[in-house]
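Per my numbering, residue 3 is the first one in the sequence shown, and the count goes up by one each step.
For each residue, glycine too, the CB sits at the ideal point set by N, CA and C.
Quantities reported herein were computed from a predicted structural model and do not represent experimental measurements.
Notes follow once the structure below has been shown.
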Amino acid sequence: MSKTKSEQIFERACRVIPGGVNSPVRAFGSIGGTPRMICRADGAYMTDEDGNEYLDFVGSWGPMILGHNHPEVREAVVKACENGLSYGAATLREVEMAELICGAVPNVDMVRMVNSGTEAVMSAIRAARGYTGRDKIIKFMGCYHGHSDALLVQAGSGVMTAGIPDSAGVPQGCTKDTLSAVYNDVSSAERLFEAFPEEIAAVIVEPVGANMGVVPPQPGFLESLRSLCTKYGAVLIFDEVITGFRLGFTGAQGYFHVDADLVTYGKIIGAGMPVGAYGGKREIMERVAPVGPVYQAGTLSGNPVAMAAGLTQLTILRDHPEIYEELNKKSEWFYAEVRRIMEEKGEEACVNSCASLGCAFFTKTPVVNYETAKTSDTSRYAAYFRHMLSHGIYIAPSQFEAMFLSAAHTQEELERVLEIMRAF
Ligand code: KE4
């Protein structure tokens, strides 16, 4: 059997790129088999080097809420390129982008552009530490906030344990101030505040857990974090790299009616170009260089081509609120159908969803945090992934990721997906 082009190219990739990929999840590690070398994407579809077409539910891990290769976004990028790619100088377009974001979401008075979600989170943490003069931060087990040292932390078992690095190459010194709590369990965060009442600079949380599979916040969870942070003078950071401009135009703050002090963005605000951002209350953001003592910088931050892409996508979303109504309604129906099929077929599965984010865990245990997410049968998920892929449906190559529906997925395509799921 001759090798496919994807197999041939992946062999070459593995010789010159660690694991053959520029981001680990792409390597199909937990699934097995050869990653498909994608060479083109349009709307809800991606095509690989062997000409296979896939209905895509990864959407570049979130940016493609309007579908791939949106003509207006592409046109804006092409047009921006005609004026050069980057100046390293202030531009009007960055102001327009900042005004759009500040005008869209509550509590974001000022915003700083960076180049990835990781950079956005790293900078927001530094701003919170600079603003409070405190060192410790609380994160939640199962939440992922990018790969900056302080956030690559193994959940310290028990409440008092300082963070243990979750990756080689991270000195204990970088994670000793990172405390871990249990998602959807406010008391685990409360105990940390009681143990370190004056030392906690910030609580950072994914308002919808989407990096342990999808785990929505239980009623009262986010509200309680808000009051804890207010009570102890800590900064509440919503990591909205996934939920920002995804749940609705006002993101998780608007969707759950909970006010954050700082918010981080990525993905959708770049429309596929490398863009991240962090923003929030003026009194915090004015501590950031050059106006304040918290240093943060970036050669390509706010570059005109990336801004053109992000601005175009955000403007479409701002001017067409019906996109969210249709997407969230379509998604609610879809995930309910998935739930129904799993029950009908007697599949031991827990299907979690929030707006257009969702996933099926292969466990009968309700998945409400990282512990319960880990009860999923990942080999069953791998079989599910391979079944879907063999039928031209491209879902996340890992149980602990999200499914992303977009405005480009049509009703009949979703019905076809449900039929293929039923066959599984
Ligand atoms: P990036 O540095 O990958 O742009 O963003 C980091 C990040 C921060 N916060 C949240 C809530 C995130 O989900 C992410 C990145 N998400 C993953 C998907 N689970 C990116 C995919 C990948 O690592 O290749």
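Here W63 is buried. Its C-beta has 16 or more other C-beta atoms within 10 Å.
The bridge partners DSSP lists for I239 are I206 and L264. DSSP, read as helix, strand or coil, puts H389 in helix.
Remark: C-beta atoms of S408 and A46 approach each other more closely than 9 Å. Using a Cβ-Cβ distance cut-off of 8 Å, the segment 326–336 and the segment 288–302 are not in contact, since fewer than three pairs of beta carbons, one from each stretch, lie closer than that value.
Per the coordinates, the alpha-carbon of Y383 lies some 20 Å from the alpha-carbon of R418. E101 counts as exposed, since fewer than 16 other beta carbons sit within 10 angstroms of its beta carbon. Per DSSP, K81 is not a residue of any beta strand (DSSP E); the alpha helix (DSSP H) it occupies stretches across P73 to C83. For G281, no alpha helix (DSSP H) segment is defined; the enclosing uninterrupted segment is the beta strand (DSSP E) at G278 to G282. Counting along the chain, E200 sits inside no alpha helix (DSSP H), nor does DSSP assign it H or E at all. Going by DSSP, R114 is part of the beta strand (DSSP E) stretching over M112 to V116.
Look at K269: its beta carbon is less than 8 Å from one of the heavy atoms in ligand 1. The three-state reading of DSSP puts L87 in coil, since its state is none of H, G, I, E or B. Distance from the CA of L302 to the CA of I343, rounded to the nearest whole angstrom, comes to 47 Å.
Counting of Cβ neighbours within 10 angstroms places P399 among the buried residues, the total reaching 16 or more. Looking at the DSSP output, A362 sits in a beta bridge with V353. Listed in chain order, the non-local C-beta contacts of F198 below 7 Å within the same chain comprise K138, local neighbours out to five positions each way being set aside.
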